[in-house]
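There are 2 protein chains.
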Amino acid sequence: METSKTGRRPGTPQTREAILEAAVASFVESGYAATTIRGVARAADVDPALVMHFFGSKDGLFDAALRAAMPVQELAVVLEGDVSSLGARLTRRYLEVWESPDTGPRIRAIVGSIASTPTAAQIMRDFMTGELAGPLAKSLPGDRPERRAILAAAQLMGMAFARYLLAVEPMASMTTDELVISVGPSVQRYLTGDLG
Amino acid sequence: METSKTGRRPGTPQTREAILEAAVASFVESGYAATTIRGVARAADVDPALVMHFFGSKDGLFDAALRAAMPVQELAVVLEGDVSSLGARLTRRYLEVWESPDTGPRIRAIVGSIASTPTAAQIMRDFMTGELAGPLAKSLPGDRPERRAILAAAQLMGMAFARYLLAVEPMASMTTDELVISVGPSVQRYLTGDLG
DNA sequence: AGATGAATTCAACGTGGTTGAATAGCCCCC
DNA sequence: GGGGGCTATTCAACCACGTTGAATTCATCT
Chain A
33 METSKTGRRP
43 GTPQTREAIL
53 EAAVASFVES
63 GYAATTIRGV
73 ARAADVDPAL
83 VMHFFGSKDG
93 LFDAALRAAM
103 PVQELAVVLE
113 GDVSSLGARL
123 TRRYLEVWES
133 PDTGPRIRAI
143 VGSIASTPTA
153 AQIMRDFMTG
163 ELAGPLAKSL
173 PGDRPERRAI
183 LAAAQLMGMA
193 FARYLLAVEP
203 MASMTTDELV
213 ISVGPSVQRY
223 LTGDLG
Chain B
33 METSKTGRRP
43 GTPQTREAIL
53 EAAVASFVES
63 GYAATTIRGV
73 ARAADVDPAL
83 VMHFFGSKDG
93 LFDAALRAAM
103 PVQELAVVLE
113 GDVSSLGARL
123 TRRYLEVWES
133 PDTGPRIRAI
143 VGSIASTPTA
153 AQIMRDFMTG
163 ELAGPLAKSL
173 PGDRPERRAI
183 LAAAQLMGMA
193 FARYLLAVEP
203 MASMTTDELV
213 ISVGPSVQRY
223 LTGDLG
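First to last, the sequence lines map onto chains A and B. Positions in the first sequence are counted from 1; adding 32 to them yields the numbering used here. Positions in the second sequence are counted from 1; adding 32 to them yields the numbering used here.
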């Protein structure tokens with residue numbers, strides 16, 4: 033007899049994971065706009081409506097695909113150690129996250145999609161406050177630690193934005209060490225210096 | 033007789049400008065994704081195909097609408113005066129551009145659309161190098177002026193990104209003066225300080 | 001065995017960007 | 001002063017996309 037087309041497939045369904053995997057790949061490689069639900073469905077060998085069934089909307093898919101994949105990856109590990117050299121350590125660690133082959137592309141996909149999707153801005157906001165500035169503020173000795181932390185985070189964002197998204201020269205071709213030496217002290221000033 | 037539907041309209045055609053105006057308004061108010069060629073055409077009381085005829089594609093329309101509208105607006109005016117306090121002046125001027133009711137929304141529209149459209153990144157790159165870092169580098173006394181200028185520009189971008197696009201706290205609710213006092217010295221360090 | 005619920009597909013709708021052909025007004029040249 | 005060519009303008013259509021609703025099949029619980 034014919035293999036049935038519609039209805040539930042036999043066997044244990046891990047289709048949801050397959051869809052997510054295909055979605056992450058597409059969002060990372062092609063960005064939000066160029067990623068289509070139909071394309072993801074095709075890649076996962078599945079009907080487009082099934083993607084909707086699981087994730088509700090294209091935005092929901094983006095959310096599920098990239099929020100889970102955000103690097104909770106031990107950015108806080110650099111907080112241990114003396115705070116007088118935290119600026120350099122933090123700058124270096126941050127650069128590593130943007131350059132790592134698995135975390136970097138995802139971050140770029142999220143940051144690049146800000147304003148096209150409402151979720152992207154929310155993910156980024158959650159990351160900056162919850163993941164970066166939050167823990168950072170807790171380990172700062174001076175006054176107004178939240179302000180210090182967010183100023184440092186903003187400086188790091190700007191550096192990454194210019195270097196990895198815009199790839200503007202001569203920022204893009206500086207070495208990591210040069211960046212740490214150049215930017216680190218500014219970060220350090222936000223963390224422990226005089227803010228007026 | 034009937035007024036003709038198709039063919040050229042009588043009178044001097046300044047339709048192109050009307051389309052551009054409608055496009056700027058829509059891009060600024062609604063962003064790139066939510067702006068539709070059909071909607072712009074409707075607002076300009078014109079057929080969608082005419083928009084294509086003039087601007088080639090949605091991306092071309094975006095380019096024409098917002099590149100021309102970018103603030104060549106005297107960012108270089110702050111370059112006059114002593115370079116020892118340039119950091120503060122530049123920071124203040126930059127904030128003004130992002131906060132001005134006519135330039136601010138346009139910049140936000142462009143920056144927010146990066147990666148959805150290839151043009152947005154190009155516009156932003158041109159702005160950072162040609163408009164900001166370029167003239168800045170020429171008026172710097174120290175070594176590696178291009179690097180100094182781009183580091184300062186990146187710092188300013190990060191501040192604006194966190195404050196105006198993400199609106200992350202406590203960055204969004206700081207006053208302009210507080211920002212100038214906090215961020216100005218970091219910019220100053222990039223311009224004239226020791227970079228290692 | 002029957003019922004319930006979840007997984008899966010199909011077909012369709014509406015909208016959006018884009019295209020190709022067609023028409024109508026303007027201007028230049030003989 | 002009439003004809004040819006350029007440009008502005010519209011119309012109709014195409015195709016891909018996000019999304020929806022009903023239908024079907026499988027797994028599981030009672």
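Here a beta-carbon is modelled for each residue, glycine too, at the ideal position from N, C-alpha and C.
| Asked | Found |
| --- | --- |
| CB-CB length for residue 82 of chain A against residue 220 of chain A, believed under 8 Å | Not quite, the Cβ-Cβ distance comes to about 51 Å (not below 8 Å), so this is no contact. |
| Best match in B/136, B/89, B/38 for proximity to residue 57 of chain B [C-alpha to C-alpha] | B/136 |
| Residue 149 of chain B (DSSP reduced to helix, strand or coil) | strand |
| Cβ contact check for the stretch 113 to 128 of chain B and the stretch 83 to 99 of chain B: 3 or more pairs under 8 Å | no |
| For residue 95 of chain A and residue 151 of chain A, the rounded distance between their alpha carbons | 6 Å |
| Residue 174 of chain B to residue 141 of chain A span [Cα, whole Å] | 37 Å |
| Interface residues of the stretch 183 to 209 of chain B facing chain A [CB-CB below 9 Å] | 183, 185, 186, 187, 188, 189, 190, 191, 192, 193, 194, 195, 197, 198, 199, 200, 201, 202, 203, 206 |
| Uninterrupted alpha helix (DSSP H) stretches inside the stretch 102 to 178 of chain A (no shorter than 4 residues) | 118 to 131, 136 to 144, 150 to 158, 166 to 170 |
| Span separating the alpha-carbon of residue 168 of chain A from that of residue 212 of chain A | 18 Å |
| Buried versus exposed call for residue 46 of chain A [16 or more other C-beta atoms within 10 Å across all chains shown] | exposed |
| Spatial distance of residue 130 of chain A from residue 107 of chain A (CA atoms) | 12 Å |
| Straight-line gap, residue 187 of chain B to residue 114 of chain A (C-alpha atoms, nearest Å) | 25 Å |
| Test: residue 84 of chain B CB closer than 9 Å to a CB of chain A | no |
| Partner residues on chain A for residue 160 of chain B, Cβ-Cβ distance less than 8 Å | 194, 198, 200 |
| Continuous alpha helix (DSSP H) stretch holding residue 245 of chain B: start and end | What is shown of chain B runs 33 to 228, which leaves residue 245 of chain B out entirely. |
| Element boundaries [alpha helix (DSSP H), containing residue 200 of chain B] | Careful: residue 200 of chain B lies outside any alpha helix (DSSP H) and carries neither H nor E. |
| The alpha helix (DSSP H) enclosing residue 195 of chain B, as first and last residue numbers | Note, residue 195 of chain B: premise wrong, no alpha helix (DSSP H); not H, not E. |
| Supposed contact pair residue 184 of chain B and residue 223 of chain B - C-beta distance, whole angstroms, cut 8 Å | 6 Å |
| Residues of its chain near residue 99 of chain B, where Cβ-Cβ distance is below 7 Å and the 5 sequence neighbours each way are ignored | 155 |
| Residue 138 of chain A vs residue 59 of chain A beta-carbon contact at 9 Å | yes |
| Proximal residues of chain A, C-beta to C-beta of residue 213 of chain B below 9 Å | 227, 228 |
| is_contact[residue 144 of chain B, chain A] using C-beta, thresh 9 Å | yes |
| Whole-angstrom distance between residue 195 of chain A and residue 29 of chain A, CA atom to CA atom | Since the first residue of chain A shown is 33 and the last is 228, residue 29 of chain A is not available in this structure. |
| Min CB distance residue 218 of chain B to chain A below 9 Å | yes |
| Neighbour list for residue 125 of chain A in chain B, Cβ cutoff strictly below 9 Å | None at all; the shortest Cβ gap to chain B is about 17 Å. |
| Contact residues within the stretch 131 to 155 of chain A, judged by C-beta distance below 7 Å to chain B | 144, 145, 146, 147, 148, 153 |
| Pick from B/80, B/225, B/179 that is closest to residue 69 of chain B, judged by C-alpha positions | B/80 |
| Sub-9 Å separation of residue 165 of chain A and residue 181 of chain A beta-carbons | yes |
| 8 Å Cβ cut-off: residues of chain A touching residue 88 of chain B | Correct list: empty, because the minimum Cβ distance to chain A is about 18 Å. |
| C-beta neighbour in chain A for residue 63 of chain B, strict 9 Å | yes |
| Residues of its chain near residue 78 of chain A, where Cβ-Cβ distance is below 8 Å and the 5 sequence neighbours each way are ignored | 47, 50, 51 |
| Contact with chain B by residue 163 of chain A, beta-carbon distance below 9 Å | no |
| Span of the alpha helix (DSSP H), counted from its first residue to its last, around residue 84 of chain B | 80 to 87 |
| Residue 54 of chain B versus residue 145 of chain B - alpha carbon distance | 18 Å |
| Contacts of residue 178 of chain A in chain B (Cβ-Cβ under 7 Å) | 202 |
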